[in-house]
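Student:
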Amino acid sequence: MNHKVETITEKDSYYIIDDLLQSRGIIIATGAGAFKPKAFPLPVPETLQSKVNYFIKNPATFAGKNVAVLGGGDSALDLAIELSKVANVTLIHRRNEFRGLESNVEKVKTNPKIQLLTPYLPHSVSDKNGKFELSLKKVGTELIDQAEFDNLLVAYGFRANNRFVKKWGIQTSDGLIEVDRKMQTSKERIFAVGDCVTYAGRVPVIGIGFGEAQLAISNIMQSLFPEKKITIHSTSI
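Using full-length UniProt numbering, read the sequence shown as starting at 1 and increasing by one per residue.
#1: Buried or exposed, going by whether 16 or more other CB atoms sit within 10 Å of the CB of M1?
#2: Between the Cα of T61 and those of A192, Q184, L152 and K182, spot the shortest distance and give me the residue it belongs to.
#3: Roughly how far, in whole angstroms, is the beta-carbon of G25 from the beta-carbon of I177, given that I think they are within contact range, below 8 Å?
#4: Taking the alpha helix (DSSP H) that E212 falls in, what are its first and last residues?
#5: L91 and V108: beta carbons closer than 8 Å?
#6: Since G72 contacts R94 with CB under 8 Å, what's their CB separation in whole angstroms?
#7: Using 8 Å as the threshold, is the region 137-145 in touch with the region 115-127, meaning 3 or more CB pairs across them?
#8: Does DSSP put F40 in a helix, a strand or coil?
#9: Straight-line CA distance for A39 to D127?
#10: So the candidates are N88, F98, G31 and D12; which of them puts its Cα closest to the Cα of S75?
#11: Specify whether the region 199-218 and the region 42-55 touch according to this definition: at least 3 beta carbon pairs, one from each stretch, less than 8 Å apart.
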């Protein structure tokens with residue numbers, strides 16, 4: 001638990017995982033991959049970099065502050081609503097419409113502690129007495145507005161990364177792991193399931209992921225213990 005796998009090497013009939021574990025078979029179920037927040041796209045003065053946030057660990061640290069939330073999806077809406085309980089919030093989005101739950105959009109629009117600035121994009125950042133002086137460009141115009149904030153909370157979404165499997169020698173296509181009908185990868189006895197895999201006709205539905213896991217488990221057991229009869233439980237009576 002709480003361990004990121006860096007290396008998988010093959011030795012005899014085993015796979016060695018980070019020189020810590022050995023296994024005869026592996027199932028990869030990493031989903032879309034490791035997620036990293038999309039970074040704020042503008043240079044930020046070094047004096048303010050610690051005040052650019054991507055997550056809220058403790059809302060109380062923002063109490064009484066003027067906070068800009070940047071983004072227009074569910075994460076941005078949730079963060080704005082949560083922070084409005086303790087801070088003054090300005091929600092800045094490049095479009096007039098938000099891409100989130102209608103109920104949350106309505107909460108944001110009717111919350112007196114949330115100011116909406118749309119359609120605006122951050123243009124530049126400077127330090128004004130320890131605060132953000134944010135230049136905002138109105139989309140489709142040359143109009144530049146200025147606003148001051150104590151903190152920036154960036155909610156532009158996440159980037160997924162499954163590229164780490166390449167260094168394990170596993171064949172991929174467009175960042176996804178190629179598997180056969182048994183859910184086996186290009187490496188013998190390494191299987192993969194869920195949103196990290198690709199094959200002809202796959203649909204990214206959670207129910208299919210459950211079925212893939214059952215296929216992988218059954219096939220890896222047959223591969224490891226060919227002499228044993230593997231009992232498959234069926235839903236048919």
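Cβ coordinates follow ideal geometry from the N, Cα and C atoms, glycine included.
Tutor: Straight from the coordinates:
#1: exposed
#2: L152
#3: Actually they do not touch by this definition, with Cβ atoms about 15 Å apart.
#4: I206 to L224
#5: yes
#6: 7 Å
#7: yes
#8: coil
#9: 19 Å
#10: F98
#11: no
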